[in-house]
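Have a look at the structure below before the remarks.
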Amino acid sequence: MNAVNILLDQGLIQHRDVMQLKSDSPEGGHWRKLVEQGVLTESQALTALGKQVGMEFVDVASAELDLGLLKLVPQKLVHRHMLFPIYRRGDTVYVATSDPFDVYSIDAISAATGWIVEPVLAERVEIAKLIKTHLGVGSETIDSLVTQKKNEDIELLEELETDGSELSEMVQEASVVRLVNEVLLEAVEMRASDVHIESQAHGLEVRYRIDGILQTQPLPPEIHQFQSAIISRLKIMARLNIAEKRLPQDGRIKLKVKGREIDVRLSVIPMIHGEGLVMRILDKGSMVFELQKIGMDPEQYDVFKELIKLPHGIILVTGPTGSGKTTTLYSALVEINQPDVKIITTEDPVEYQLAGINQIQVHPKIGLTFAHSLRSILRHDPDVVLVGEIRDHETAENAIQASLTGHLVFSTLHTNDASGAFTRMTDMGVEPFLVASTVEAVMAQRLVRRLCPHCRKPVDAKSLDLPKDFPWALLEDRPLYTPQGCRECRNLGYRGRMGIYELLVTSERVRDLCTNRASSWEIKKAALAEGMKTLRDDAWKKAMRGDTSVEEVTRVTKSDKGIER
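Note that numbering that gives the first Met the number 0 has the sequence shown beginning at 0, numbered continuously upward.
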């Protein structure tokens, strides 16, 4: 009896599913096709098939592993047959497999080790995670295990240019190409925003920034001998000079990963032990710019939505690098983008291409700066202008002139809070009365990690060591939530991020203070007196709602204790 009939007899699939499978494939198809189509889950299928053939189904993600067994198994068998030894009971070693009918691989592992092997069933993706976690990213390539299998998950969208040198030819070798592809593929699958490849005294170190936190990836020791080849391969992919190892270089790689377009910004800097690389990964396929879905509370959204429809003025978004400013501005542009509204942006770099919006990439080396491009933009009769960042006096002056001549200007500043934007612009040399009359609002923001909805744990707030500024009055009898860790979030307790916001709308009182060169502290107190909610306030609200944890609030925001309200 074949696997499909077993699943049919046990009521997990219907006759129509079998007929569809036969129509898709003359031979009748494989039961895994049904899993791929969402007819049933892999765990359901394996549990049913295991009962039929006398094999137990094990959740290897929560099993207690005997990792000493892994060292005794040839790696090629682990990779080639997708097997993983999990524990020993007496004289028997239990080995996880995702194929209940593959007796040859079990025989091969028994012959290679001399063990009495008992196969158990586990989900294929969980076995793959164990292999990558305990053998390291790139271990499959290092051991030359899949030389017959071409990795087609990653496709370069631009032709590579080589200079014909021995080094450039070496990095084109299949093993080096597969190794680099595997690192990139793992980063995309783990939703990493950045990949750090660092040359240390002991060799290579790879870290992924996931949801804003750096995580070191396990690597096989043999990877260190490929350090030069890995760095050179990435430099060639980004069209950089592989012979130049003394100066910083910046480049760009365009990829297609499993059908999704990925843009990689590569920065190379010489360090004391060799070159250090950081890759910023922009996953175009996964980005959705919707103002209502970036984490604003309904009241904040309603106010901000009205602000971005003003006929003229400046709206600033502030925060450190990686705080989501670009996402907020793009979402605002998409919200107001209409056929009768002309929007032009000047950015460095253009991170995502937006339909119906005219975008300019600045090139400071040839004189196309924010200030210069902004002067030219105004001759194109725009209604709305986005300036990537106000960095200097000239750009600030031009942005103010644009708003005074009837344009709505969006831009970013690097300040810690909303009130600091006013003093920052006056520090650049702009007249305070011009700042006061043109800046309509400032949005400060940060990103906090979302608690995994599958495993977050409710706890009594009184049992936690909470900071002194915790707003007990707003909590009432609700619990707080803490991270736990499960398969869905890779045992981190968090999955994804959300914004926290501080929206300062420029009132008459704030304009007076700005004109009189008041400090950012005085402007903040005035805004709070008029009802502004700080970043900390917004973060506490999201923690009490169960979206994030107390640890995230204290990690990302500063206490407002001492500020008069």
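Glycine residues also receive a C-beta, built at the ideal position from the N, C-alpha and C atoms. Bear in mind the structure is a predicted one, so any value in this text is a computation, not a measurement.
**Message:** On a Cα-Cα basis, can you pick out the residue from Arg31, Val34, Val38 that is closest to Gln13?
**Reply:** Val38
**Ala121: first and last residue of the uninterrupted alpha helix (DSSP H) it sits in** = That residue, Ala121, is in no alpha helix (DSSP H); it is neither H nor E in DSSP.
**Item:** Residues of its chain near Tyr93, where Cβ-Cβ distance is below 7 Å and the 5 sequence neighbours each way are ignored
**Value:** Ile85, Tyr86, Glu117, Val119
**Prompt:** Is Thr96 closer than 8 Å to Pro217 when the C-beta atoms are compared?
**Reply:** no
**Request:** Compute the Euclidean distance between the alpha carbons of Asp98 and Lys461, then round it to the nearest angstrom.
**Result:** 49 Å
**Prompt:** Under the three-state reduction of DSSP, which class applies to Arg448: helix, strand or coil?
**Reply:** strand
**Prompt:** What do you get for Val555, buried or exposed, if any count of 16 or more other CB atoms within 10 angstroms of its CB means buried?
**Reply:** buried
**Item:** Nearest-angstrom beta carbon gap, Phe288 and Val333 [assumed within contact, 8 Å]
**Value:** 5 Å
**Prompt:** How about Leu502 and Val302: are their beta carbons less than 8 Å apart?
**Reply:** yes
**Item:** Distance, Pro348 Cα to Leu155 Cα
**Value:** 20 Å
**Request:** Work out the CA separation of Ala370 and Thr437 for me, nearest whole Å.
**Result:** 17 Å
**Asked** At what residues does the beta strand (DSSP E) containing Tyr207 begin and finish?
**Response** 202 to 209
**Message:** Here's a check: name, in chain order, each residue in its chain whose Cβ is nearer than 7 Å to the Cβ of Ser322, leaving out the five neighbours to either side.
**Reply:** Gln444, Arg445, Leu446
**Asked** Using a Cβ-Cβ cut-off of 6 Å (strictly less than) and excluding sequence neighbours within five positions of Asp537, which residues of its own chain qualify?
**Response** Ile499, Tyr500
**Prompt:** How is Val94 classed by DSSP in three states: helix, strand or coil?
**Reply:** strand
**Request:** Return the chain-ordered list of same chain residues with a C-beta closer than 6 Å to the C-beta of Phe571, the five sequence neighbours on each side being excluded.
**Result:** Outside the modelled stretch of the chain, which goes from 0 to 564, sits residue 571, for which no answer is possible.
**Message:** Quick test of your reading: Gly49 and Phe56, contact by CB under 8 Å. State the CB separation rounded to the nearest angstrom.
**Reply:** 5 Å
**Prompt:** In chain order, what residues of the same chain have a beta carbon less than 7 Å from the beta carbon of Ser548, not counting five sequence neighbours either side?
**Reply:** Leu450, Tyr480, Thr481, Pro482, Ala542
**Prompt:** Relative to the alpha-carbon of Asp58, which residue among Ser330, Ala47, Met18, Glu122 has its alpha-carbon at the smallest distance?
**Reply:** Glu122
**Asked** Which residue spans inside the stretch 471 to 508 form an unbroken alpha helix (DSSP H) run of at least 4?
**Response** 471 to 474
**Item:** Proximity to Ile335 [Cα-Cα], best of His379, Val383, Asp546
**Value:** Val383
**Message:** Is it the case that the stretch 307 to 326 contacts the stretch 395 to 410, given that we only count it when at least three CB pairs across the two stretches are under 8 Å?
**Reply:** yes
**Proximity to Gly10 [Cα-Cα], best of Ala44, Gly387, Gly53** = Ala44
**Message:** Let me check understanding here. Comparing Cα to Cα, which of Asp101, Met286, Lys467 lies closest to His80?
**Reply:** Asp101
**Item:** Where the beta strand (DSSP E) through Met236 begins and ends
**Value:** Here Met236 belongs to no beta strand (DSSP E); instead the alpha helix (DSSP H) covers 226 to 236.
**Item:** Helix, strand or coil at Ile343 [DSSP, three-state]
**Value:** strand
**Asked** Do the CB positions of Arg251 and Leu233 come within less than 8 Å of each other?
**Response** no
**Request:** For Pro466, count neighbouring Cβ atoms within 10 angstroms of its own Cβ and tell me buried if that reaches 16, exposed if not.
**Result:** exposed
**Asked** In chain order, which continuous runs of the beta strand (DSSP E) of length 3 or greater are located wholly inside the stretch 302 to 331?
**Response** 312 to 317
**Prompt:** With C-beta atoms as the reference, is Thr345 less than 8 Å away from Ile376?
**Reply:** yes
**Item:** Cβ separation of Asp210 and Gly495, assumed to be a contact under 8 Å, to the nearest whole Å
**Value:** 7 Å
**Request:** Count the other C-beta atoms from every protein chain shown that fall within 10 angstroms of the C-beta of Tyr329, then say buried if there are 16 or more, exposed otherwise.
**Result:** buried
**Prompt:** Which stretch, first to last residue, makes up the alpha helix (DSSP H) that contains Phe83?
**Reply:** It is not in any alpha helix (DSSP H) - Phe83 instead sits in the beta strand (DSSP E) that spans 83 to 88.
**Prompt:** Straight-line CA distance for Ala354 to Ser372?
**Reply:** 20 Å
**Request:** Return helix, strand or coil for His14, following the three-state DSSP convention.
**Result:** helix
**Request:** Return the residue from the list Gly113, Ala242, Leu512, Lys540 that minimises the CA-CA distance to Glu475.
**Result:** Lys540
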